Structures are given as structure tokens and as C-alpha cells.
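See below for the structure under consideration.
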Amino acid sequence: MSALTEKDIVEAVRSGRHEGQTEMVGRYAQRIFAMIVKLVPDVMDAQELTQDTLMRAFSHIDSYDSRRSSLSTWLCRIAYRLTLDFLKRNSPLIVSLDDAGMGQKDISDEELEAELSTGREERIEQLMQMVDNLPADERMLLTLYYYEDRPLTEIAYIMGVEAGVLANRLYRTRKKLYKKLKDEERTI
Amino acid sequence: MKNERYKDTDLREALRRKYADTPQLPAGFMNNMERKTNPPMTRPVRRWWWVAAAASVLLIIGIGVTMMPIEERMPTAPKVVAKMEPQQTSVVTTQEEPREEKIVISQKNHQNKLHDSKQNQKTVPVIPTVEPEDDHHLHYASAELTKDTLPYQNPARVDEFIAKMAAYNHVKQGELECTQPAGSNVVSSVYVFPDNKEIDVFGRLLQVACCYSDETPGYLLSFSHQQFFFELKDMRQQLQYRWIAERVNGKILLYGTHAPLGTKESSACYQDYRDELMHTKSINKTPREI
Numbered sequence: 001m002s003a004l005t006e007k008d009i010v011e012a013v014r015s016g017r018h019e020g021q022t023e024m025v026g027r028y029a030q031r032i033f034a035m036i037v038k039l040v041p042d043v044m045d046a047q048e049l050t051q052d053t054l055m056r057a058f059s060h061i062d063s064y065d066s067r068r069s070s071l072s073t074w075l076c077r078i079a080y081r082l083t084l085d086f087l088k089r090n091s092p093l094i095v096s097l098d099d100a101g102m103g104q105k106d107i108s109d110e111e112l113e114a115e116l117s118t119g120r121e122e123r124i125e126q127l128m129q130m131v132d133n134l135p136a137d138e139r140m141l142l143t144l145y146y147y148e149d150r151p152l153t154e155i156a157y158i159m160g161v162e163a164g165v166l167a168n169r170l171y172r173t174r175k176k177l178y179k180k181l182k183d184e185e186r187t188i
Numbered sequence: 001m002k003n004e005r006y007k008d009t010d011l012r013e014a015l016r017r018k019y020a021d022t023p024q025l026p027a028g029f030m031n032n033m034e035r036k037t038n039p040p041m042t043r044p045v046r047r048w049w050w051v052a053a054a055a056s057v058l059l060i061i062g063i064g065v066t067m068m069p070i071e072e073r074m075p076t077a078p079k080v081v082a083k084m085e086p087q088q089t090s091v092v093t094t095q096e097e098p099r100e101e102k103i104v105i106s107q108k109n110h111q112n113k114l115h116d117s118k119q120n121q122k123t124v125p126v127i128p129t130v131e132p133e134d135d136h137h138l139h140y141a142s143a144e145l146t147k148d149t150l151p152y153q154n155p156a157r158v159d160e161f162i163a164k165m166a167a168y169n170h171v172k173q174g175e176l177e178c179t180q181p182a183g184s185n186v187v188s189s190v191y192v193f194p195d196n197k198e199i200d201v202f203g204r205l206l207q208v209a210c211c212y213s214d215e216t217p218g219y220l221l222s223f224s225h226q227q228f229f230f231e232l233k234d235m236r237q238q239l240q241y242r243w244i245a246e247r248v249n250g251k252i253l254l255y256g257t258h259a260p261l262g263t264k265e266s267s268a269c270y271q272d273y274r275d276e277l278m279h280t281k282s283i284n285k286t287p288r289e290i
């Protein structure tokens, strides 16, 4: 276990000491990679983006503010932006027309929560497939919220949006999944 | 925004299963990062970049100066009139119609005396005199250097150019024997070009003259619509060169000489040839008392 604290790592990187960079890589690289690889299925691309994230962090370490976020969250924010840029470069941005009207709260949070918490095996498997078809930002939102259990404020910082906007986006995404589930039930 | 978190257990379970086997970072990742964070090349590279950039800038400036037309490099102010050896000179004046009466003016003590027998006759100075240093009517852009301090520009190349131009336009070279002064070692040649825009003798001669730096020894250039006058000295070969072109009767008479430095030259033989060309008996030989 390394004795360096997060503050020590930041100071070491700022002063150009090699051990600071090594420590940052050793401590956070896997976490960053795990986040990126959920959006970028190709491992080599994900590895490249992880390297870019860390190099960006080294060169912009002066802009890190420990009062706003932890070092880990700050690195995730860089990783998220680089990953979105990468996805935009490599695939056209598709805006779903189904999103229209999704912001209206015609279904209550409780109703949605009930529909997405049935415990049925086929529902879980359906959701696994549906998550793959979501846009990258929505997939990342669900991953950070449900899989990594990060608070919305932290996710808002990572994704660079207001927390209120993010809450609305989360509701919309859940509603989208719910509608798709309903549609599939009808077709069956 | 609700503070409590959504349970959405189906969704959580779906994501947990989906990401259960998240791949690990490849083993070589740390080594790659080490290489990126510690590049083998360090500071000296930047210095070489600066040296290369400075060299490039100098090269571009050098090319720019080389490509700049000579006219633009010439200073605008006229230089000092070149000093010439005292020599026998004369000024020839002519009329539009060569067969009509001509006026010959002998020049003594560097004074031009012009007497016209008829008021309506136009007189045009043809050959600029070389001798008078205080003749400000001539356009001099010349300087004399007594030492060969400039890159050598061989004046004989003007003769080569004229010979090629003559050959191309099927104009024969005429030899002139200048007997004045006696025992003259002046080598003269003469050409008669048609005066048309296709050949543009004056323009081409001017181009050639402009190829020479105005600091070339003996550089003396004068031109107008009617005449062209150009002189150079070859300090290596110890020769002096002179070229005179004149519009005469729809033709251009081009006369070139070269002689050892210090040789006294006379325009007498040139005038003879010119009169011969114009089918007039030279009246220069019988200077009239005015």
C-alpha cells in the first residue's frame, strides 16, 4: 500500500516528480480504464484513451481543484470528455426521435421504479440488451449511477452538466427503457 | 431532484451482470506510460529546433533577395557621374529629314553651341557626350570604381548578346575601321536593326544594361526614345566598352566599341557610317564656322 496521500500525489505531479506520476498511474489507471471500456468496447482504444487521460491530467494538473472534487472524480471527468470526443469522431451522432416528449413526467418516479424493479429474469436480460443501444452519455449516466453508485452531484461534475439537468436526463432514460420494455411486451 | 436513490433493481442487476467481466488493463500499460512520461529525448532537441527555424528564415530571406529584380535593388538616387578620360568628342545634331540641311556643331571647351539656320527646324541631340561632367540633362546612374571590388560582370557579354540578337534577326555585323585618332586600336562593330516592336532593340538593350550593377566600373547609362548610350569598364581585362544605339530613318543603328583603358575614342567613324547609312555626305568633316 502506497503511503502517498492524494494531496501528495498531486503535489508530486505538480512539481514534476516522477514518483507522483507513477503513483497516479498505479492507483487510478485501472479505474479509468474500467469506466472507458464500458463505452468503448475495443480494449486497445480504451487503453489508448486511458493513457491520454493520464497524460492530460499530468499536463493540466494545475487546473485541479481539490475543493470541487476528488482526484479520482477529476480523472473520470477528463476520461469522460475524451471518450465522448472519441465516440463522436468515430461514429455519427444519432439523435433519437423517440426522445421527444420524454421529459414530461407523465409517469411517476414510483411507477417507473416499480416497473424497473420486478426481479424477473427476462426483464433483466432485456435491460442488458437495451443498455447497449442507448447513446453513450445515457449509458455512462446509468453506469455511474447504478453500477458505481456515485451521487448525482458527482456524476454531474464528471459529465459537465448541472445536477438538475442530470436528474431530468436520468428520469428520461429510465422512462425510455420502460417504454421499450412495454413495447416488447406488446409485440410478444 | 429526489435525494434518495432509485432502486431499479432490475437495471442494477442488468448492469452488474453486463460489466461483471470488465477487462483488466493490459500488462504492458505501465511500461507504455513510463515511456510516455519519460521520453528519451530531452532539452537539446528544442535547441536544434530553434537553430533549424532560424536557418530556414535566413534561407527564405536569401532566396527573396536573389529573386528580387535588379531594378528594385538599385538605389533610386542617381550616382556620381563616372569620370571619363578626356577625349575628342563632338555632338551631332540631326533633322527629321536627313537629306535636308544639317547643322554641325563643333564642341570646344565643353560648350554646346547650337545654331539653327531655320526657326522651324527641329534639332535633336543624338549622341550624349561623355566628357562633360556637369551636363545635368543626361540621365546618369553611374559610378566608377577603380578596384574590382564587386562580383565580376564581364562587359563582353553585352557584345555576345548583341551578336546573338543580330543573328536571330538575320542582321549582319559590320566592321568599322576608325582611323581617328591615327593608329587607333579601337575595335568597333555596327549593326542596322529594323525598328519595330517585335525586335524592340532599345528595350532589350536596356534589359541587358540593367543586368549590370550600377557600381560596375565605368557604368554609364543614358537612354531616351531616340537614343541609347551605355558604357562599362573591364578592370580585369583593362578594356573600356561603349554601345550607342540610335533611331535613324526607321532603323536602329547600333554601334559598339571596345578599346584598352585610356584609349581616346572618337565618334568620327561612327558619324561617317551613320551619314553613309543616311546617304548624306557627312558635314561633320567640314565643321562650319558659326
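Residue numbers (our numbering), protein chains in the order written: chain D, 1 to 188; chain W, 1 to 290.
Ideal Cβ placement from N, Cα and C applies to all residues, glycine included.
Just so you know, these numbers come straight off a predicted model, no measurement behind them.
Listed in chain order, the non-local C-beta contacts of Q21/D below 7 Å within the same chain comprise V13, F58, local neighbours out to five positions each way being set aside. Just so you know, the alpha carbons of L254/W and M67/W end up roughly 31 Å apart. For A3/D, there is no enclosing alpha helix (DSSP H), as DSSP marks it with neither H nor E.
Taking a C-beta distance under 7 Å as the contact criterion, W243/W and F230/W qualify as a contact pair.
In this structure M44/D is exposed. Its beta-carbon is surrounded by fewer than 16 other beta-carbon atoms within 10 angstroms.
Secondary structure within the region 6 to 70 of chain D: the alpha helix (DSSP H) runs of 4 or more consecutive residues, fully enclosed, are 6 to 14, 18 to 37, 43 to 59 (chain order). With respect to the C-alpha of C76/D, the residue from L181/D, E154/D, P135/D, Q129/D having the closest C-alpha is E154/D.
Under the three-state reduction of DSSP output, S213/W falls in the coil class, being neither helix nor strand. Considering only S72/D, E138/D, M130/D, the residue with the shortest C-alpha distance to Q30/D is S72/D. Residues of the region 33 to 44 of chain D with a Cβ closer than 8 Å to any Cβ of chain W, in chain order: F33, A34, V37, K38, V43.
L112/D and E122/D have their alpha carbons spaced roughly 17 Å apart. For Q129/D, the uninterrupted alpha helix (DSSP H) run begins and ends at 121 to 132, by DSSP. DSSP places R169/D inside the alpha helix (DSSP H), whose first and last residues are 163 to 187. Within the DSSP bridge table, the entry for L220/W names E231/W as partners. Contact between the region 257 to 277 of chain W and the region 201 to 209 of chain W is not established, with fewer than three Cβ pairs separated by less than 8 Å. When DSSP states are grouped into helix, strand and coil, R157/W belongs to the helix group. Under the 10 Å beta carbon count, D234/W is surrounded by 16 or more other beta carbons and is classified as buried. In this structure, the straight-line span from the alpha carbon of R236/W to that of E215/W is close to 15 Å. At a cut-off of 7 Å between C-beta atoms, E4/W does not count as an interface residue with respect to chain D. Taking CB atoms only, L141/D has no neighbour in chain W less than 7 Å away. Annotation: Cβ neighbours of T118/D in chain W (cutoff 9 Å, chain order): T9, D10. Excluding sequence positions up to five before and after Y145/D, its CB lies within less than 8 Å of the CB of L152, I155, L170, all in the same chain and listed in chain order. The DSSP-derived three-state label of I158/D is helix. According to the DSSP assignment, T37/W belongs to the alpha helix (DSSP H) that extends over 29 to 37. About 6 Å separates the Cβ atoms of M130/D and K180/D, confirming a contact at the 8 Å cut-off. Straight-line spacing of the CA atoms in G203/W and I61/W works out to 30 Å.
In this structure, T173/D sits away from K38/D, with a CB-CB distance that is not shorter than 7 Å. Among the residues facing chain W, V165/D is not included, as its CB has no counterpart in that chain under 7 Å away. C-alpha of Y270/W to C-alpha of A54/W: approximately 57 Å in a straight line. Minimum Cα-Cα distance from H225/W among the listed residues C211/W, Y191/W, I252/W corresponds to I252/W. In this structure, the alpha-carbon of E110/D lies about 9 Å from that of Y6/W. Closest in C-alpha terms to N196/W, from the list G250/W, E4/W, M30/W, comes G250/W. By the Cβ neighbour-count rule, E198/W is exposed, with fewer than 16 other Cβ atoms within 10 Å of its own.
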